Amino acid sequence: MSAQRSGAWGRLARNRPAAVGLAVVGLAAALALLAPVLPLAGPTLTAYGDRLAAPFGDAGWLGTDHLGRDLLARLVWGVRVSLAVGLAATALAAVVGSTIGLVAGYAGRTVDLVVMRGIDMLMAFPYLLLALAIVAALGPGLFNALIAIAIANVPFFARAVRGTVVGLKDRDFITAARLAGLSHTRILVVELLPNVLPVIVISLTTTLGWMILETAGLSYLGLGAQPPTADLGSMLADANKVVTVAPHVALVPGLAILVLVIAINLVGDGVRDLLDPRLGGVSAGRPGPRTAVAATGPRPPPDPPTPSRAEPAPMIAVDGLTTSFALGDRRVPAVRAVSFAVPPGGALGIVGESGSGKSVTALSILGLVASPPGRIEAGTIRFRPATDRSTDGAEPAAEDLLRVPLARLQAVRGNRIAMVFQDPDAALDPLIRVGDQIAAVVRRHRGGGWTAARQRAAALLAEVGLPDPARRARAWPHQLSGGQRQRVAIAMALANDPDLVIADEPTTALDVTTQARVLDRLDRLRRSRGAALILISHDLAVIAGVCDRIAVMYAGEIVEQGPAAAVIAAPHHPYTRRLIACVPVLGRPDRVLDTIPGGPPSPEARPPGCAFAPRCPDAEDACRSASIGPGPAGPDHTVRCRRWRALGDPPAVAGRSPARTAAAASPLSTPASPL
333 MSAQRSGAWG RLARNRPAAV GLAVVGLAAA LALLAPVLPL AGPTLTAYGD RLAAPFGDAG
393 WLGTDHLGRD LLARLVWGVR VSLAVGLAAT ALAAVVGSTI GLVAGYAGRT VDLVVMRGID
453 MLMAFPYLLL ALAIVAALGP GLFNALIAIA IANVPFFARA VRGTVVGLKD RDFITAARLA
513 GLSHTRILVV ELLPNVLPVI VISLTTTLGW MILETAGLSY LGLGAQPPTA DLGSMLADAN
573 KVVTVAPHVA LVPGLAILVL VIAINLVGDG VRDLLDPRLG GVSAGRPGPR TAVAATGPRP
633 PPDPPTPSRA EPAPMIAVDG LTTSFALGDR RVPAVRAVSF AVPPGGALGI VGESGSGKSV
693 TALSILGLVA SPPGRIEAGT IRFRPATDRS TDGAEPAAED LLRVPLARLQ AVRGNRIAMV
753 FQDPDAALDP LIRVGDQIAA VVRRHRGGGW TAARQRAAAL LAEVGLPDPA RRARAWPHQL
813 SGGQRQRVAI AMALANDPDL VIADEPTTAL DVTTQARVLD RLDRLRRSRG AALILISHDL
873 AVIAGVCDRI AVMYAGEIVE QGPAAAVIAA PHHPYTRRLI ACVPVLGRPD RVLDTIPGGP
933 PSPEARPPGC AFAPRCPDAE DACRSASIGP GPAGPDHTVR CRRWRALGDP PAVAGRSPAR
993 TAAAASPLST PASPL
């Protein structure tokens, strides 16, 4: 637990704005706690002979006010009072508001209706006016101001917690708790409260600054701290009388409020980013419009070029691509020295287990890896659009997508290079009709009006096989099935006749029949348009049925690459062999699947030498100690393995070659019905 806390503190400290805010808040808190023992004059001690003394004089470092009181002493004690009242009011509002939100969200129906309408009535009043009304009813005083501020801020906590609970109470783990016979109180405290705690903590840290401002405002109006008690608001009220002749008297508490509130908000933003699971504890920072590229650094040794000399110049050529992610003070490579090329009309399949780096490679091509925390450390991605071919037929010059201006990259995205994402539910905006989403992509790159763009969208939906495309174009994403949404995503990718389509596991969670139809449609569109295709999947049988070439990835590296027929018929890397052995064979229910024990290593715990060695039954000591580069294993065929020659050819299954076995297992091996 202490290590986890240390790591959390370290990640918060590495967030520079939050670290500055934390330092300021820590200093203010230390001064507030040590105020009784610091060698300061009494905050109420008057010296009329030193009235309105200038700062850095004999009367005090920060001067004196209109009664000769030491401004430094009053500032320290004022921060103490303001922090104490702000913390107490925030804690009270959080406890009361969170309890109301938990109960209302979980109970629902009448309880939720009555309680939340009361909260809405409170929120109908500006919170400062509501606080003023409460103090007017209770009477002026610091404690009454605390109660008023807490009551005024209860609705913010209640609504935030209630909204989170409403989204959680019907989840399966809450249903399981009810089936287990847990009481409502236990479900609220044990099951729901830990899940909404991050929301409460974030609200606490972001509300504390406002609480201090509200306390200062009430004291400035004479409704908070009463003389001779010093807080920041009352100091400003006293300075208002002499601001024209001694502006430093107002400047000291005013700057203190400004700096303290900004620092608290910076800390709150840092805590919010720390608790956001999507950031994984990475230091905060809004992701940029493209993946960051390291300005300097050595390039890793690239793989040998993959296309044969008989093929035309590649449409996309990735050379030595290395992409890393920030993990604390370190950068951990998720993709290492990846190289491949795809010619016009060609299809490359990238296969491997989850976590092998397939999706990171695809996102790196378009600069879509979030930065922070991602960064491309080395390599080149040379793209040669077919549409840029000159009139004399000469090959256009390739451009490095890692180093082109952002405007050029944005012109390529969704236009010359399109991507079909894995989850169509996440790729489609749930609040925009599917036809309008496709039309927006068309208008972004082709211009024109909405009428022509919507007609183009309907034509694309018909092309991917959706029945009644005009009606489907007016549908919302939730009105379509999973397979239909995926075909909408494919239509969106094909909207501008791209030269390269990247399909990242486009058939995940689809039934076998729909999977075959989607893949067949992608393959036919690729062949008819002459576009290149990069198909990413964990299913080697699917890749074998669609692609001309196969690249097998493991632990961020391409361990084997070559023509699909050669890789399937004669796999050289042990990992490729085991992947083929895992493919079930149609008509052979008695066949034992040779699964791979263990799992791939995480990027931060990658073993030295061959990353597959811990799972490889044929590994030697040399495999575990020294890194292994790619080597030629045949025409256009490379492999990262020391022992592939000694392993020999894999045995055929039931008298058939592995290529026929994999083809038999592929959903494309049987004729697909029309879409």
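The sequence shown begins at 333 in the working numbering and counts up by one.
Backbone N, C-alpha and C fix where the C-beta goes; we use that ideal spot for every residue, glycine too.
As the structure is a prediction and not an experimental result, all values here were calculated from the model.
Nearest-angstrom beta carbon gap, residue j and residue i [assumed within contact, 8 Å]
i, j, result
"A649", "R714", "5 Å"
"E709", "P676", "With a Cβ gap of about 29 Å, E709 and P676 do not count as contacting."
"M824", "V744", "The Cβ separation is near 16 Å, so there is no contact."
"P906", "I912", "In fact, because the Cβ distance is near 11 Å, the residues do not count as touching under 8 Å."
"A367", "V408", "5 Å"
"I882", "R910", "About 15 Å separates the two Cβ atoms, so there is no contact after all."
For residue i, the three-state DSSP class (helix, strand or coil)
i, result
"I770", "helix"
"S686", "coil"
"D328", "The question about residue 328 has no answer, for the chain in this structure spans 333 to 1007."
"D402", "strand"
"P349", "helix"
"G963", "strand"
"L698", "coil"
"T517", "helix"
"M824", "helix"
"M885", "strand"
"G669", "It should be pointed out that residue 669 corresponds to Ala in this sequence rather than to Gly. In the structure shown, A669 sits in a strand (DSSP, three-state: E or B)."
"H580", "helix"
"S813", "coil"
"F489", "helix"
"V664", "strand"
"R859", "helix"
Sequence-distant residues of its chain with Cβ nearer than 8 Å to residue i (five each side left out)
i, result
"D880", "G678, A679, L680, P895 and A896"
"H516", "Y438"
"L734", "V625, G699, I708, G711, T712 and I713"
"R610", "Note that R610 scores 49 on pLDDT, short of 50, meaning its location in the model is unreliable and no value can be drawn from it."
"T538", "N597, G600, D601 and R604"
Cβ neighbours of residue i in the same chain (closer than 6 Å, five flanking residues each side left out)
i, result
"E837", "Q754, I868 and S869"
"R494", "G433, A436 and G437"
"A405", "L372, A373 and P375"
"A951", "A945"
"R348", "none"
"I594", "none"
"I822", "V752 and V796"
"T623", "G699, V701, S703, G706 and I708"
"I890", "V670 and A883"
For residue i, the nearest candidate out of the options (CA to CA)
i, options, result
"T547", "I481, Q811 and D601", "I481"
"A571", "N828, R401, I594 and A791", "R401"
"R788", "A360, D829, P762 and A759", "D829"
"F672", "P368, D968, G353 and G358", "D968"
"L579", "G358, P929, L394 and L857", "The question names Leu, but residue 579 is Pro in the sequence shown. Residue L394 is the option with its Cα nearest to P579."
"G687", "A490, A355, L700 and V667", "V667"
"G815", "P799, K501 and V577", "P799"
"A463", "M543, V701 and G699", "M543"
"A758", "T655, Y907 and R817", "R817"
"D601", "R503, G541, V528 and P762", "G541"
"C942", "P921, R974 and V498", "R974"
"D382", "T396, F388 and A367", "T396"
"L461", "G450, N485 and A827", "N485"
"V411", "L592, D502, D444 and L500", "L592"
"H777", "A739, R803, P487 and A863", "A739"
"S656", "A702, V674 and D452", "A702"
"L587", "M567, L826 and L514", "M567"
"M455", "L445, G440 and R491", "R491"
"R765", "P801, G779 and G620", "P801"
"E731", "L365, A351, M647 and A350", "M647"
Environment of residue i [buried if 16+ CB atoms lie within 10 Å]
i, result
"E936", "exposed"
"Y380", "exposed"
"V874", "buried"
"A984", "Any answer about A984 is weak, because its pLDDT of 41 lies below 50 and its placement is not dependable; what the coordinates show is given next. The residue is exposed, with fewer than 16 neighbouring Cβ atoms inside 10 Å."
"P717", "buried"
"W808", "exposed"
"G888", "buried"
"V443", "exposed"
"V467", "buried"
Cutoff 7 Å; reference residue i; Cβ partners in own chain excluding five residues on either side
i, result
"G966", "G894 and A898"
"E685", "H870 and P932"
"V574", "L384, H398 and V581"
"A785", "A771, V774 and R775"
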